[in-house]
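Single-structure report; data block below.
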Amino acid sequence: MVNDVVRLMDHLGIKKSIIIGYSMGGSIGMKMLTEHPDRIRMAVIGGSLGFTKYESEHMRCHYLDRTF
């Protein structure tokens, strides 16, 4: 779904965006922050899934480093 957002932004000529996501949208926003940080001006994330037991410590650090 992240690629869909990026393609839509490209189609609309949006270089950077403010992402506001709740629940699944928050998860997409977090993934965008890690995969396309250059496309995000700022993000507001709420009620999204946290880290699962299947995610490695490395990935958690990657998310936190990009987020904070």
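The sequence shown begins at 90 in this note's numbering and counts up one residue at a time. We treat Cβ as the ideally placed atom computed from N, Cα and C, and that holds for glycine.
Does DSSP put residue i in a helix, in a strand, or in coil?
i, result
"S106", "strand"
"M121", "helix"
"G135", "strand"
Assign residue i to buried or exposed, taking buried as 16 or more other Cβ atoms, counted over all protein chains shown, within 10 Å of its Cβ.
i, result
"G102", "exposed"
"L138", "exposed"
"L97", "exposed"
"I107", "exposed"
"G135", "exposed"
For the alpha helix (DSSP H) that contains residue i, what are its first and last residues?
i, result
"R96", "V91 to L101"
Could you round the C-beta distance between residue i and residue j to whole angstroms and report it? I think they count as a contact, below 8 Å.
i, j, result
"M121", "V94", "6 Å"
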